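Protein chains: 2
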Amino acid sequence: MSGKPVTSVDVARKAGVSQSAVSRYFTPGASVSKKMAEKIRVAAEELGYRPNVLARAMITGRSRIIGLVVYYLENQFYPEAVEKLSIALQENGYHVLLFMASNTVGDVEPVVQSILDYRVDGIILVSASMSSTLADRCKAQNIPVMLFNRDQPSQDLRAVTSDNVEGGRMAAGMLLKGGPKRIAHLAGFEGSSTQQQREEGFVAALAEAGHQLHSRAVGNYHYADAADAARELFDVPEPPDALFTGDDHMALAALDVIRIELGLRVPEDVAVVGFDDIPQAAWPSFNLSTVRQRMNVMVSTVVDELIAAVEGEDRPERKLRIAPVPVYRGTTRD
Amino acid sequence: MSGKPVTSVDVARKAGVSQSAVSRYFTPGASVSKKMAEKIRVAAEELGYRPNVLARAMITGRSRIIGLVVYYLENQFYPEAVEKLSIALQENGYHVLLFMASNTVGDVEPVVQSILDYRVDGIILVSASMSSTLADRCKAQNIPVMLFNRDQPSQDLRAVTSDNVEGGRMAAGMLLKGGPKRIAHLAGFEGSSTQQQREEGFVAALAEAGHQLHSRAVGNYHYADAADAARELFDVPEPPDALFTGDDHMALAALDVIRIELGLRVPEDVAVVGFDDIPQAAWPSFNLSTVRQRMNVMVSTVVDELIAAVEGEDRPERKLRIAPVPVYRGTTRD
DNA sequence: GCCAATTTTGCATACGATTGCAGAATTGCG
DNA sequence: CGCAATTCTGCAATCGTATGCAAAATTGGC
Numbered sequence: 021m022s023g024k025p026v027t028s029v030d031v032a033r034k035a036g037v038s039q040s041a042v043s044r045y046f047t048p049g050a051s052v053s054k055k056m057a058e059k060i061r062v063a064a065e066e067l068g069y070r071p072n073v074l075a076r077a078m079i080t081g082r083s084r085i086i087g088l089v090v091y092y093l094e095n096q097f098y099p100e101a102v103e104k105l106s107i108a109l110q111e112n113g114y115h116v117l118l119f120m121a122s123n124t125v126g127d128v129e130p131v132v133q134s135i136l137d138y139r140v141d142g143i144i145l146v147s148a149s150m151s152s153t154l155a156d157r158c159k160a161q162n163i164p165v166m167l168f169n170r171d172q173p174s175q176d177l178r179a180v181t182s183d184n185v186e187g188g189r190m191a192a193g194m195l196l197k198g199g200p201k202r203i204a205h206l207a208g209f210e211g212s213s214t215q216q217q218r219e220e221g222f223v224a225a226l227a228e229a230g231h232q233l234h235s236r237a238v239g240n241y242h243y244a245d246a247a248d249a250a251r252e253l254f255d256v257p258e259p260p261d262a263l264f265t266g267d268d269h270m271a272l273a274a275l276d277v278i279r280i281e282l283g284l285r286v287p288e289d290v291a292v293v294g295f296d297d298i299p300q301a302a303w304p305s306f307n308l309s310t311v312r313q314r315m316n317v318m319v320s321t322v323v324d325e326l327i328a329a330v331e332g333e334d335r336p337e338r339k340l341r342i343a344p345v346p347v348y349r350g351t352t353r354d
Numbered sequence: 021m022s023g024k025p026v027t028s029v030d031v032a033r034k035a036g037v038s039q040s041a042v043s044r045y046f047t048p049g050a051s052v053s054k055k056m057a058e059k060i061r062v063a064a065e066e067l068g069y070r071p072n073v074l075a076r077a078m079i080t081g082r083s084r085i086i087g088l089v090v091y092y093l094e095n096q097f098y099p100e101a102v103e104k105l106s107i108a109l110q111e112n113g114y115h116v117l118l119f120m121a122s123n124t125v126g127d128v129e130p131v132v133q134s135i136l137d138y139r140v141d142g143i144i145l146v147s148a149s150m151s152s153t154l155a156d157r158c159k160a161q162n163i164p165v166m167l168f169n170r171d172q173p174s175q176d177l178r179a180v181t182s183d184n185v186e187g188g189r190m191a192a193g194m195l196l197k198g199g200p201k202r203i204a205h206l207a208g209f210e211g212s213s214t215q216q217q218r219e220e221g222f223v224a225a226l227a228e229a230g231h232q233l234h235s236r237a238v239g240n241y242h243y244a245d246a247a248d249a250a251r252e253l254f255d256v257p258e259p260p261d262a263l264f265t266g267d268d269h270m271a272l273a274a275l276d277v278i279r280i281e282l283g284l285r286v287p288e289d290v291a292v293v294g295f296d297d298i299p300q301a302a303w304p305s306f307n308l309s310t311v312r313q314r315m316n317v318m319v320s321t322v323v324d325e326l327i328a329a330v331e332g333e334d335r336p337e338r339k340l341r342i343a344p345v346p347v348y349r350g351t352t353r354d
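The listed protein sequences correspond, in order, to chains A and B. Each residue of the first sequence is one higher than the one before, counting from 21 in my numbering. Each residue of the second sequence is one higher than the one before, counting from 21 in my numbering.
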């Protein structure tokens, strides 16, 4: 029950040097003679000393903490993002303070507020947006913010997304190959940029091919809502024979309804295309054709940009769009 | 580009009071007169002041940060755990510093080491274990550690798990109702306590009913490994007609192989029971019978215990086991 | 071996808050 | 209104580390 953690002063005393020497030994760029370094190394090892990141943060003004805000983790896209972002940041010596902004917690505002209390070095908002007053606040405190998989009109906020308009066009192309008669769209949350852009590209490409939307329903990116929306679309006299869903998570819900509840055949009766390419899309039970977001590229891009911003570099590019990739599997006809 | 964040000194100056008064205003138990409180409130509001958590942590020795260690997030059980743990801790004024201990990062040791550098108030290891030297280190620094969904022989470490032996017995009971002839087990990672205990209960209950294992393979709690293991078990002349998998994630992989690859019928040819009751188990495509871990109870228990420990209370109970619940769906016969 | 140029080293201060202590202000009661 | 009891308030020290500055030690060239 020793309780007290070891400090640099303890190490200094034990090694017979000054506290500053110990500090310098643990600071990459500093100059320490070999003799001292060795004495300090030994003493530190014996005492099990490790520098206190919090104390260091007070002086340097860098906490090496990145605030990561996520709405929910039900859709497998998010756990994958969180895992990869976290690993990438860890590899760069940063760590992730995780904040859930789910409905149970309330709004994003207070959540971001409490992030700022921790004096994080930067913030990544995953599929979430930010009021401009809050964005101003971050800017005032010099804390870079990056949006991941979501964009916002505000010119100032940096964002990394897929090229969603292009992705929507791809989805249209994938469905059009099968010669569909009635094309439907199952939309995600209407307020999101991702939804708006994907639908925009989708509808535009349909129009160019002389088609228009047969029907449309909203699933808000949630499984249960999407299942309801699918019922609304398909449990009618003339159901669609092609469906583009705003993301894979909703596509899986739609497949469950279409095949299991309604007994329709995929892709013979209905072709389905999703968006994201989450791991489950590749599972044999679903075997979902989809538009892949290149997660690894998106993650390394956002981490790279954020760290550059944290370290004071001001890159000109604010909106980074990654090209998506069509993935043909078993839910489309050709 | 004001850069400098607002400090309590700024607020004090603006409000015409001492810095300590400002500090007291933001400290729940402290005494401040109404007049001062009002002046401070106004000044703080105008300047947008919020106390620096890091500075506070230095004095009080409490960072209000909890280190959360997770191996990976592919299995939906983990995102759900992370989400709920995070929310529960947020509600109690704590926040989560997330650490991935996946293979790409290497061992758990250095990860936990860097957690300690942040002077966290406590640590939750989700389905991970800890060397005893590291555990000693945490104890020396007075940092409580809780294991979640994993146990370890060491008497000292606190752990919250399901009653896995009992859960294994339940799984046996669920399969035995269907009058199986050949019962197989698809095991998770053999080094884990969860695996050992679930299998122990399962085999014991089979024995009591006059049965024994027909075959067994190892899936290490990974989708791909589990799919291979399922092929090993079922792509043979006399395949099993009942299967218990170490968790739901592997059960889904097994179902994909059994139904789609091999064309067997579930539950007519093979009955399947999983463990966890992850959200996907309830999806119509799987409709998996399983043994539910009561996530909400487990989460509130572990958070409750951890916070009690952080705040100095020393509860006697170290190993907390939550009773699991059988969930009958469409993959079992009766 | 001497002196200038270069490294190392320690001292002292700062970061932004909390908190014990003692004096100032307020309150309560006869 | 006076005095004791109580509540507020400010001063100053403290947490654990980083860092500018000046003194001490080392190095190098001749």
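Positions of the beta carbon are idealized from the N, C-alpha and C atoms, including for glycine. Remember, it's a predicted structure, so these values are computed and weren't measured experimentally.
query                                                                                                                          : result
Within 9 angstroms, strictly: CB atoms of residue 89 of chain B and residue 98 of chain B                                      : no
Contact set for residue 294 of chain A: own chain, Cβ-Cβ below 7 angstroms, skip 5 residues either direction                   : 265, 267, 268, 271, 301, 308 and 310
Chain B contact residues for residue 106 of chain A, given Cβ-Cβ distances below 8 angstroms                                   : 118, 119 and 120
Minimum Cβ-Cβ distance from residue 219 of chain B to chain A less than 9 angstroms                                            : no
Test item: CB-CB of residue 246 of chain B and residue 240 of chain B under 9 angstroms                                        : yes
Contacting residues, own chain, Cβ-Cβ under 6 angstroms from residue 42 of chain A (five flanking each side not counted)       : 28, 31, 32 and 60
Cutoff 9 angstroms: residue 134 of chain B Cβ touching any chain A Cβ                                                          : yes
Rounded straight-line distance, which links the Cα of residue 229 of chain A to that of residue 323 of chain A                 : 39 angstroms
Residue ranges of each alpha helix (DSSP H) within the segment 53-137 of chain A, 4 or longer                                  : 54-67, 73-80, 97-111 and 128-137
6 angstroms CB neighbourhood of residue 343 of chain B in its chain, flanking five on each side removed                        : 183
Cβ contact check for the segment 156-175 of chain B and the segment 109-118 of chain B: 3 or more pairs under 8 angstroms      : no
Cutoff 6 angstroms; reference residue 236 of chain A; Cβ partners in own chain excluding five residues on either side          : 205
Contacts of residue 72 of chain A in chain B (Cβ-Cβ under 9 angstroms)                                                         : 78, 137, 138 and 139
Reference residue 80 of chain B; option with closest CA among B:288, B:140 and B:214                                           : B:140
Cβ neighbours of residue 209 of chain A in the same chain (closer than 7 angstroms, five flanking residues each side left out) : 215, 240 and 241
Residues that residue 276 of chain A contacts on chain B, provided the C-beta gap is smaller than 7 angstroms                  : 303, 304 and 305
Contacts that residue 161 of chain B makes with chain A (C-beta to C-beta distance below 7 angstroms)                          : 25
Limits of the unbroken beta strand (DSSP E) element including residue 309 of chain A                                           : 309-312
Residue 40 of chain A - containing beta strand (DSSP E), residue span                                                          : No beta strand (DSSP E) contains residue 40 of chain A, which is instead part of the alpha helix (DSSP H) from 39-45.
Endpoints, beta strand (DSSP E) assigned at residue 34 of chain A                                                              : Element bounds for residue 34 of chain A: not the beta strand (DSSP E) but the alpha helix (DSSP H), 28-35.
Proximity test, Cβ basis, 9 angstroms: residue 313 of chain A and chain B                                                      : no
Residue 334 of chain A versus A:262, A:164, A:225 and A:101, residue with shortest Cα-Cα distance                              : A:164
is_contact[residue 264 of chain B, chain A] using C-beta, thresh 9 angstroms                                                   : no
Straight-line gap, residue 85 of chain A to residue 51 of chain A (C-alpha atoms, nearest Å)                                   : 26 angstroms
For residue 74 of chain A, the nearest candidate out of B:132, B:82, B:70 and B:68 (CA to CA)                                  : B:82
Nearest-angstrom Cα separation, counted from residue 179 of chain A out to residue 104 of chain A                              : 17 angstroms
Complete runs of the beta strand (DSSP E) confined to the segment 241-320 of chain B [at least 3 residues]                     : 262-265, 291-296 and 309-312
Neighbour flag for residue 242 of chain B against chain A, beta carbons, 9 angstroms                                           : no
Any C-beta of chain A under 9 angstroms from that of residue 205 of chain B                                                    : no
Segment limits, beta strand (DSSP E) that includes residue 341 of chain A                                                      : 339-342
For residue 207 of chain A and residue 226 of chain A, the rounded distance between their alpha carbons                        : 16 angstroms
9 angstroms Cβ cutoff, residue 330 of chain A in contact with chain B                                                          : no
Rounded C-alpha distance that separates residue 152 of chain A from residue 62 of chain B                                      : 23 angstroms
Enclosing alpha helix (DSSP H) for residue 193 of chain A [first to last residue]                                              : 184-196
Reduced DSSP secondary structure (H/G/I, E/B, other) of residue 148 of chain B                                                 : coil
Residue 232 of chain B versus B:220, B:26 and B:243, residue with shortest Cα-Cα distance                                      : B:220
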